[in-house]
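**Q** So that we are looking at the same thing, I have put the structure below in structure tokens.
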Amino acid sequence: MASLLNKISAGDGSVLFRRALTCHRLRPVTSPAEPPGGAPLLPWEARRAYRRHPTHDIGRFQFMLQKLQGKGRKAKAKPDPIWTSKSELMYDTLNVRLSGHDVVLVGHFARYAHLLCNRLGVSVVESYALPTRTLDVLLQDQGTKMVVEASLSTHSRVIQVARLSSTLGPVLLEVLQLNQPEGVALDVSQVTHKG
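Every letter in the sequence shown is one number past the one before it in UniProt numbering, and letter 87, counting from 1, is 87.
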């Protein structure tokens, strides 16, 4: 066989060389009833050792299915009862008020809260800004007659949320509290209609 490979590799036929190598790797297949060295069933077959190994139940999923219970031949599995939207408790319209001294932080957090409500499927009725409140403070150091004047401005944004479910409400508030920036106050209250 080596002399045959040398003759083929010396020539120009690289295709012949590859075919000769694949034929060298193949072996004749004999029937189990025939004696060794008998006539092969197929001329050549590739060696595939993995064909004789068991699958060890790879890909089996029947054990995960629920057993059918019932008297008929075609008994149907009864699904577990789940909560429907009719049985879910809903909050009335809520005001989510965000306030702080930095207008940029308050604005960005209000935008984040609005996008979060949209992503969670909570209906946002209205989103608006309250007028800025300014507080003037006079500070006097001890031992001096000099007075320092400071003005603190508080910026507020309000997001009105309607039909918030009782299961999604705590999740929404927890996510808002976890992502609440420093210096921004979060207040949730029920809408009161005066008038």
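Quick reminder that beta carbons are idealized off the backbone N, C-alpha and C, glycines included.
What separation, rounded to the nearest whole angstrom, lies between the Cα atoms of A185 and Q142?
**A** Straight-line Cα distance between these residues: approximately 32 Å.
**Q** What number of angstroms, rounded off, separates the C-alpha of V175 from the C-alpha of A162?
**A** When rounded, the distance between both Cα atoms is 18 Å.
**Q** Which first and last residues belong to the beta strand (DSSP E) in which P181 is found?
**A** Careful: P181 lies outside any beta strand (DSSP E) and carries neither H nor E.
**Q** Let me know the beta strand (DSSP E) ranges lying completely inside the UniProt domain "Small ribosomal subunit protein uS10" (95-189), each 3 residues or longer, listed in chain order.
**A** Correct list: 123-140, 147-162.
**Q** Measure the C-alpha to C-alpha separation of L94 and E182 and round it to an integer number of angstroms.
**A** Cα-Cα distance, rounded: 23 Å.
**Q** Taking the alpha-carbon positions, what's the S166 to M90 distance?
**A** Distance between the alpha carbons of S166 and M90 is about 6 Å.
**Q** Where does L130 land, buried or exposed, given buried means 16+ other C-beta within 10 angstroms?
**A** Looking at its Cβ environment, which holds fewer than 16 other Cβ atoms inside 10 Å, L130 is exposed.
**Q** Quick check: the Cα distance between G100 and L120, rounded to an integer number of angstroms?
**A** Their Cα atoms are separated by approximately 25 Å.
**Q** Flag this pair as yes or no: are the beta carbons of V104 and L98 separated by less than 8 Å?
**A** Cβ distance not < 8 Å, so V104 and L98 don't count as in contact.
**Q** Going by beta carbon distance, what residues of the same chain come within less than 8 Å of V137, once the five residues before and after it are set aside?
**A** Contacts found: E149, A150, S151, L152.
**Q** How would you call V171, buried or exposed, if buried means at least 16 neighbouring beta carbons within 10 angstroms?
**A** Exposed, by the Cβ-count rule.
**Q** Mind checking V147: buried by the 16 CB within 10 Å criterion, or exposed?
**A** By the neighbour-count rule (16 or more Cβ atoms within 10 Å), V147 is not buried but exposed.
**Q** Just how far apart, CA to CA, sit L116 and Q140?
**A** Rounded to the nearest angstrom, the two C-alpha atoms are 45 Å apart.
**Q** Going by the CB atoms, is the gap between H108 and V124 shorter than 8 Å?
**A** In this structure, H108 does not lie closer than 8 Å to V124 by Cβ.
**Q** Leaving out the 5 sequence neighbours to the left and right, which residues in its chain are closer than 6 Å to A110 when beta-carbon positions are compared?
**A** So the qualifying residues of the chain are L98, R157.
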